[in-house]
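Trainee: In the UniProt record's numbering, the protein residues as written are 1 to 102. Take this structure first; my questions come after.
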Amino acid sequence: MEMAANCSLRVKRPLLDPRFEGYKLSLEPLPCYQLELDAAVAEVKLRDDQYTLEHMHAFGMYNYLHCDSWYQDSVYYIDNLGRIMNLTVMLVRKTYNIRIFQ
1 MEMAANCSLR
11 VKRPLLDPRF
21 EGYKLSLEPL
31 PCYQLELDAA
41 VAEVKLRDDQ
51 YTLEHMHAFG
61 MYNYLHCDSW
71 YQDSVYYIDN
81 LGRIMNLTVM
91 LVRKTYNIRI
101 FQ
C-alpha cells in the first residue's frame, strides 16, 4: 500500500490580515433558472419492489446533471430520447447553449 506524502506548510505572515473578522453568511436567496428543453430529462424510475431505504438513498438523492471537470460552465444530462445533452450556462450574460451528442 502506498503511503501518503508528508509535507509541512509554512505560514506567510505578510499575507495574513490581522483585522479579518471571519466570513459572513449571505441571506440572499440563491438564483434559480429555468430552461425549456426539447425532451425531458431521463429519470430513474423505481419498481414496486425497490422502495427500500437503500434504494431511496441511491436513487432519490440522484443528481441528473453531471458537471464537466474541464469546463465549469458546462453540464451533461441524458434526455428521454437517450441523447447525451451538453448544457453550457454563462450566468454573466444569461446565455444558454444546448448541444446534442449522438
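All C-beta atoms, glycine included, are put in the ideal place defined by N, C-alpha and C. Since we're looking at a predicted model, the values are computed, not measured.
Could you tell me the alpha carbon to alpha carbon distance between Ile84 and Ser74, rounded to whole angstroms?
Mentor: Within the sequence shown, residue 84 is the residue found at index 84, counting from 1. Within the sequence shown, residue 74 is the residue found at index 74, counting from 1. If I take the Cα positions, the gap works out to 13 Å.
Trainee: Kindly give me the distance between the Cβ atoms of Ala42 and Asp79, rounded to whole angstroms, as I take these residues to be in contact under 8 Å.
Mentor: The count along the sequence shown starts at 1 and reaches residue 42 at position 42. The count along the sequence shown starts at 1 and reaches residue 79 at position 79. Yes, they are in contact, since the Cβ atoms of Ala42 and Asp79 sit about 6 Å apart, within 8 Å.
Trainee: Less than 8 Å between the C-beta atoms of Tyr51 and Tyr64, yes or no?
Mentor: Against the sequence shown, residue 51 aligns to sequence position 51. Against the sequence shown, residue 64 aligns to sequence position 64. No; because the gap between Cβ atoms is not below 8 Å, this pair is not in contact.
Trainee: Tell me the residue span of the beta strand (DSSP E) that contains Tyr76.
Mentor: On the sequence shown, position 76 is the one that residue 76 refers to. First-last of the beta strand (DSSP E) with Tyr76: 74–78.
Trainee: Return the chain-ordered list of same chain residues with a C-beta closer than 8 Å to the C-beta of His55, the five sequence neighbours on each side being excluded.
Mentor: Translated into the one-based positions of the sequence shown, residue 55 becomes position 55. Excluding sequence neighbours, His55 sits near Leu46.
Trainee: By DSSP, does Met85 sit in helix, in strand, or in coil?
Mentor: For the purposes of this step, residue 85 is taken as the residue at position 85 of the sequence shown. Correct three-state label for Met85: strand.
Trainee: Rounding to the nearest angstrom, what Cα-Cα distance links Leu27 and Leu87 in this structure?
Mentor: Along the sequence shown, read from residue 1 onward, the residue named residue 27 stands at position 27. Along the sequence shown, read from residue 1 onward, the residue named residue 87 stands at position 87. Those two C-alpha atoms are separated by around 28 Å.
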